[in-house]
Amino acid sequence: MMERIFSAFGRMSRREKILVSSMLGVLVIAVTGLGQLWLSSEISSMEKKVEQDRGALKAIYAGSAKFLAQKRATDQMRNKAAKNVDLNLKLAVNEIAKKIEFTARDRRGEITGQKKLSDVMQFDQTQEVYLEKKKKKKRRKKGAGKDKKESDDGYYRRDQPITLSDPVTFEAIYALLEKIEKTSQLLYVTDIEMTREFANGYVARKNATFTVSTFYYKGKEDGS
34 MMERIFSAFG RMSRREKILV SSMLGVLVIA VTGLGQLWLS SEISSMEKKV EQDRGALKAI
94 YAGSAKFLAQ KRATDQMRNK AAKNVDLNLK LAVNEIAKKI EFTARDRRGE ITGQKKLSDV
154 MQFDQTQEVY LEKKKKKKRR KKGAGKDKKE SDDGYYRRDQ PITLSDPVTF EAIYALLEKI
214 EKTSQLLYVT DIEMTREFAN GYVARKNATF TVSTFYYKGK EDGS
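Structure below.
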């Protein structure tokens with residue numbers, strides 16, 4: 034094939050050879066130019082992609098510290114909540130109330146002596162509330178039936194309503210509430226209902242109520 038091309042080229046006149054050579058030169062230049070344009074376009078596209086990837090990595094690195102900090106805080110809170118699975122609110126609050134005293138008075142408002150808050154606290158029925166419940170189904174082995182048991186993993190809230198059977202000074206009540214919320218057992222006070230004595234504004238009327246609550250996590254973290 035190449036011999037025929039060279040043979041045909043050799044039979045051409047000098048003018049024809051110059052014309053063909055010029056055309057071939059133009060073709061080579063055109064192909065080279067197009068190749069350079071394509072290569073330049075590909076390089077530019079790659080540079081843009083690299084820049085985009087660099088920006089994405091910067092965003093990931095910038096947010097990773099915050100994400101890790103939030104994850105650590107979440108894990109720590111879950112671990113604390115997992116320890117509260119078996120927490121008895123009645124016992125926990127009663128232990129605090131034993132250390133707080135107040136001046137007791139009779140119906141006429143006369144002082145009768147000192148009492149501990151634990152002596153006038155009545156505990157109503159403890160209540161449990163699901164805060165978070167994962168919708169998972171536990172698979173049973175073959176032959177065990179088609180029923181599937183719903184997983185009870187998740188966060189729960191435990192509420193303990195409390196009633197003060199006697200009039201109690203607000204100073205003693207505030208001391209109790211403050212100590213409750215300073216514990217490491219994730220305790221907090223809600224639903225406070227109390228009114229002042231008409232004759233003594235520093236004392237709450239009998240049957241004042243409040244609720245002490247906590248939350249716990251039931252799942253792998255609690256060892257169950």
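Each residue of the sequence shown is one higher than the last, beginning at 34 in this note's numbering. For every residue, glycine included, the Cβ atom is placed at its ideal position computed from N, Cα and C.
Practice task
Tell whether a beta-carbon distance below 8 angstroms holds between threonine 202 and threonine 136.
Solution key: yes
Handout entry: Neighbourhood of isoleucine 225 by C-beta distance below 7 angstroms, restricted to the same chain and skipping five residues each side
Key = Phe243
Handout entry: Range covered by the beta strand (DSSP E) that runs through lysine 116
Key = Unbroken run through lysine 116: none, as it is neither H nor E.
Problem - C-beta contact flag for isoleucine 213 and isoleucine 129 at 8 angstroms - result: yes
Practice task
Kindly indicate which residue of Leu164, Lys99, Tyr221 has the alpha-carbon position closest to the one of leucine 122.
Solution key: Tyr221
Practice task
May I ask you to list the residues that DSSP assigns as paired with threonine 247?
Solution key: Arg191
Exercise for the section: Return the chain-ordered list of same chain residues with a C-beta closer than 7 angstroms to the C-beta of arginine 190, the five sequence neighbours on each side being excluded. Expected result: Val162, Leu164, Ser246, Phe248
Practice task
Determine the extent of the beta strand (DSSP E) in which alanine 137 is found, giving its start and end residues.
Solution key: 134-138
Exercise for the section: Report yes if the C-beta distance between proline 200 and alanine 237 is below 8 angstroms; otherwise report no. Expected result: yes
Problem - Reduced DSSP secondary structure (H/G/I, E/B, other) of lysine 239 - result: coil
Practice task
Identify, in the order they occur along the chain, each residue of the same chain with its Cβ nearer than 6 angstroms to the Cβ of glutamine 147, setting aside the five sequence neighbours on each side.
Solution key: Glu134
Exercise for the section: Between the Cα of serine 198 and those of Gly88, Gln155, Tyr188, spot the shortest distance and give me the residue it belongs to. Expected result: Gln155
Exercise for the section: Sort Gly142, Leu101, Thr196 by Cα distance to glutamine 158 and report the nearest one. Expected result: Thr196
Problem - Buried or exposed by the 16-neighbour rule on C-beta atoms within 10 Å, applied to lysine 251 - result: buried
Exercise for the section: To the nearest angstrom, report how far apart serine 46 and leucine 52 are at their CA atoms. Expected result: 10 angstroms
Handout entry: Range of the contiguous beta strand (DSSP E) that encloses phenylalanine 156
Key = 154-156
Handout entry: Cα-Cα separation, threonine 228 to asparagine 127
Key = 23 angstroms
Exercise for the section: Name the one or two DSSP bridge partners that glutamine 160 has. Expected result: Asp192
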